[in-house]
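Participant:
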Amino acid sequence: MIYDSFCSEDTFELGKRIGEEATEGSVYTLVGDLGVGKTVFTQGLAAGLGITEAVNSPTFTIVQVYDEGRLPFYHFDVYRIGDSEEMYEVGYEEYVYGDGVSLIEWANLIEDILPTHYTSVLIEKDLDRGFDYRRITIEEI
Amino acid sequence: MEQDVVILAIESSCDETAASVVRNGREVLSNVISSQIDIHTLYGGVVPEIASRKHTERIDQVVMEALKEAKMTWDDITAIAVTYGPGLVGALLVGVSYAKALAWALHKPLIGVHHIEGHISANYIENTELEPPFMCLVVSGGHSHLVKVADYGKYEILGRTRDDAAGEAFDKVARVIGLGYPGGPKIDKVSYEGNPSAIDFPRPKFADNEYDFSFSGLKSAVLNYLNQLQMKGEDYNQADVAASFQQAVVDVLVGHSMKALDQYGFKKFAIAGGVASNSHLRTAMEEACAKRGVEFFRPSPIFCTDNAAMIGVAAYYEYIAGLRSDWDLNAVPNLKLGER
Chain B
1 MIYDSFCSED
11 TFELGKRIGE
21 EATEGSVYTL
31 VGDLGVGKTV
41 FTQGLAAGLG
51 ITEAVNSPTF
61 TIVQVYDEGR
71 LPFYHFDVYR
81 IGDSEEMYEV
91 GYEEYVYGDG
101 VSLIEWANLI
111 EDILPTHYTS
121 VLIEKDLDRG
131 FDYRRITIEE
141 I
Chain W
1001 MEQDVVILAI
1011 ESSCDETAAS
1021 VVRNGREVLS
1031 NVISSQIDIH
1041 TLYGGVVPEI
1051 ASRKHTERID
1061 QVVMEALKEA
1071 KMTWDDITAI
1081 AVTYGPGLVG
1091 ALLVGVSYAK
1101 ALAWALHKPL
1111 IGVHHIEGHI
1121 SANYIENTEL
1131 EPPFMCLVVS
1141 GGHSHLVKVA
1151 DYGKYEILGR
1161 TRDDAAGEAF
1171 DKVARVIGLG
1181 YPGGPKIDKV
1191 SYEGNPSAID
1201 FPRPKFADNE
1211 YDFSFSGLKS
1221 AVLNYLNQLQ
1231 MKGEDYNQAD
1241 VAASFQQAVV
1251 DVLVGHSMKA
1261 LDQYGFKKFA
1271 IAGGVASNSH
1281 LRTAMEEACA
1291 KRGVEFFRPS
1301 PIFCTDNAAM
1311 IGVAAYYEYI
1321 AGLRSDWDLN
1331 AVPNLKLGER
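Right under this line is the structure:
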């Protein structure tokens, strides 16, 4: 499915809808360049799960865990991972194969250890359609 | 005569493997930092696995060096302190395990310290007259907090970032304008050649908490600006972009801090964390505080960066308050300030 987003509010709303529909054990991968709105999408998804606290960038700790929503939420940012094996150090498997909802930013960097089934979210700019336009492609893998 | 309290402190939450010996909370006898910044320059950021492996390789040497520089023996040490969060779990575990083993073998008390509490406490080292209560802004690669320091070990967070930390924004913007890592010092330097009002970048505010920060949108605004020029086939001025971006960050940090000072009426204000080394931020804070008749404190750059001396200082105040950690002390990667 391809979605058109014309502003960050659209991106947030799409994330929120997905968060509302997310079920136990769902894994979302999130790929897109710096500044396309990955943070906004993630904040939307967290809001859809009923999380009210701020969803910070996990660049520093690789994973942040949020327990206050209707399902646990595991937010990964693997931008700084050099090798997939390093993910075991942060407890990757426990989270991704656990009962919560996982979202992995820059998941393309750890493709070899992604689960068999997940939902892929790709956010891209298309400058021909304006600076704020984002094409969001969501696919079941 | 009262006996000296001498703390051996260890810090390994992120890039740096550090150890320090601190006497009576304010006197730093040694401060050894083994930086991994050269390795990380290759990757443009912190690489967690490399981080923990290097900590393991270096910690022994760093601790011994700290003890030697302080001219102390194990018998002189009153307690062992260590950062147990927040940070990278693998990196934290190296320090925590080492400190636990050391304390157990030497029969010394163990004190787990919050990394941010350490940064705040760094201000006590060179400003021996500084005592709570005061207001503190902690800004680094992983944190942006505006904190009321009610007393030693008593904190109230007024504002925090809702997305990226201030230092992270510096790193990311530096990367996109081709300055590289570490972004903070590079932007600080090149900004002296740029015009801080060349580009009007956003200074986001929140209606529901006026003290919260957001730096992700600012980073996106910089990217949009670069894209726009690119589409028009124009080149950008690196120094102007750096200076204007930095000005937006400084304005927000100063604005929020001064609003909090006005509202809560504190007479003392301190900054801490890696971004507190930024020369433009220091000058702007100093001027804004002077205007209000508020006393301004800041650590030297060596105590702004991650170091163990600040952990030793924070641990001293926990020690005299009777706080000790158990042998089940663990690394807590997302430890909140004020929690134990």
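Sequence order for the protein chains is B and W. Numbering of the first sequence is given in the working numbering, commencing with residue 1 and proceeding in unit increments. Numbering of the second sequence is given in the working numbering, commencing with residue 1001 and proceeding in unit increments. Ideal Cβ placement from N, Cα and C applies to all residues, glycine included. Only a predicted model underlies this, so the values are computations on that prediction, with no experimental measurement involved.
Tell me which residue opens and which closes the beta strand (DSSP E) that Cys1136 of chain W is part of.
Facilitator: Element bounds for Cys1136 of chain W: 1134-1139.
Participant: So the beta strand (DSSP E) Ile1007 of chain W belongs to, where does it begin and stop?
Facilitator: Residue range 1006-1011 is occupied by the beta strand (DSSP E) that includes Ile1007 of chain W.
Participant: Are Ala1243 of chain W and Ser1279 of chain W closer than 7 Å when you measure CB to CB?
Facilitator: no
Participant: Only counting the same chain, and skipping five residues up and downstream in sequence, which positions put a Cβ closer than 6 Å to that of Thr1078 of chain W?
Facilitator: Val1005, Val1006
Participant: When we look at the beta-carbon of Arg134 of chain B and count the other beta-carbons within 10 Å, is it buried (16 or more) or exposed?
Facilitator: buried
Participant: Determine whether the Cβ of Gly130 of chain B lies closer than 7 Å to any Cβ atom of chain W.
Facilitator: False, the Cβ-Cβ gap to chain W never drops below 7 Å.
Participant: So with Cβ pairs under 7 Å, would you call Asp1164 of chain W a contact of chain B?
Facilitator: yes
Participant: Is the beta carbon of Glu122 of chain B sitting closer than 7 Å to the one on Val55 of chain B?
Facilitator: According to the sequence as given, residue 122 of chain B is Leu; it is not Glu. In terms of Cβ geometry, Leu122 of chain B and Val55 of chain B do not form a close pair [threshold 7 Å].
Participant: DSSP state of Thr1017 of chain W, grouped into three classes?
Facilitator: DSSP places Thr1017 of chain W in strand when its eight states are reduced to three.
Participant: Would you report the Cα separation of Gly1233 of chain W and Arg1053 of chain W, rounded to the nearest angstrom?
Facilitator: 45 Å
Participant: Please tell me whether Asp1251 of chain W and Ala1198 of chain W are closer than 7 Å, where the distance is taken between their beta carbons.
Facilitator: no
Participant: Give me the DSSP bridge partner(s) of His1114 of chain W.
Facilitator: W:Gly1085
Participant: Using only alpha-carbon positions, find the residue among B:Tyr3, B:Leu45, B:Ser84 that is nearest to Leu71 of chain B.
Facilitator: B:Leu45
Participant: Using a C-beta cutoff of 7 Å, does Glu1117 of chain W count as contacting chain B?
Facilitator: no
Participant: Rounded to whole angstroms, what's the CA-CA distance from Gln1247 of chain W to Leu1281 of chain W? Just pull it up for me.
Facilitator: 9 Å
Participant: Have a look at B:Tyr66, B:Asp33, B:Thr61, B:Pro58 and flag the residue whose alpha-carbon is nearest the alpha-carbon of Gly48 of chain B.
Facilitator: B:Tyr66
Participant: Which residues bound the beta strand (DSSP E) around His1145 of chain W?
Facilitator: First-last of the beta strand (DSSP E) with His1145 of chain W: 1144-1151.
Participant: Please confirm if Leu71 of chain B has its CB atom under 7 Å from at least one CB of chain W.
Facilitator: no
Participant: Under the DSSP definition of a beta bridge, which residues are partnered with Ala1270 of chain W?
Facilitator: W:Cys1136, W:Phe1297
Participant: Flag Ser1216 of chain W as yes if its beta-carbon sits less than 7 Å from any beta-carbon of chain B, otherwise no.
Facilitator: The beta carbon of Ser1216 of chain W falls within 7 Å of a beta carbon belonging to chain B, placing the residue at that interface.
Participant: Around the Cβ of Phe131 of chain B, are there at least 16 other Cβ atoms within 10 angstroms (buried) or fewer (exposed)?
Facilitator: exposed
Participant: For Ser1052 of chain W, return the contacting residues in chain B, with the cut-off set at a CB-CB distance below 7 Å.
Facilitator: Glu89
Participant: Would you identify the three-state DSSP class for Gln64 of chain B, choosing helix, strand or coil?
Facilitator: strand
Participant: What does the alpha-carbon distance come out to for the pair Ile1059 of chain W and Gly1153 of chain W?
Facilitator: So the alpha carbons of these two residues sit roughly 27 Å apart.
Participant: Give me, in chain order, the residues of the same chain whose beta-carbon lies closer than 6 Å to that of Pro1299 of chain W; leave out the 5 immediate sequence neighbours on both sides.
Facilitator: Ala1122, Asn1123
Participant: In chain order, what residues of the same chain lie with their CB nearer than 7 Å to the CB of Ile51 of chain B, ignoring the 5 residues before and after it?
Facilitator: Excluding sequence neighbours, Ile51 of chain B sits near Tyr66, Glu68, Gly69, Phe73.
Participant: For Leu103 of chain B, would you say it is in contact with chain W, using Cβ-to-Cβ distances shorter than 7 Å as the test?
Facilitator: no
Participant: Give a yes or no on whether 7 Å exceeds the smallest Cβ distance from Leu1223 of chain W to chain B.
Facilitator: yes
Participant: Using the C-alpha atoms, what's the distance from Lys1148 of chain W back to Glu21 of chain B?
Facilitator: 40 Å
Participant: With distances taken between CB atoms, is the gap from Gly1274 of chain W to Cys1304 of chain W smaller than 7 Å?
Facilitator: yes
Participant: Pairs of beta-carbons, one from the stretch 1154-1163 of chain W and one from the stretch 1175-1186 of chain W, closer than 8 Å: are there three or more?
Facilitator: Look at the beta carbons and you see the stretch 1154-1163 of chain W not touching the stretch 1175-1186 of chain W: under three pairs across the two are nearer than 8 Å.
Participant: So, is Asn1031 of chain W buried or exposed, given that buried needs 16 or more other C-beta atoms within 10 angstroms?
Facilitator: buried
Participant: Identify every run of the alpha helix (DSSP H) within the stretch 3-88 of chain B, keeping only runs that are complete inside it and at least 4 residues long; order them along the chain.
Facilitator: 8-21, 38-48
Participant: Quick check on the DSSP output: what are the complete beta strand (DSSP E) runs of length 3 or more inside the stretch 86-122 of chain B, in order along the chain?
Facilitator: 101-105
Participant: Classify Gly1159 of chain W as helix, strand or coil using the three-state DSSP reduction.
Facilitator: Gly1159 of chain W: strand per DSSP, three-state reduction.
Participant: Quick check on this structure: which residue in W:Val1254, W:Asn1195, W:Tyr1236, W:Ala1169 has the alpha carbon closest to the alpha carbon of Leu1218 of chain W?
Facilitator: Comparing Cα positions, the closest option is W:Ala1169.
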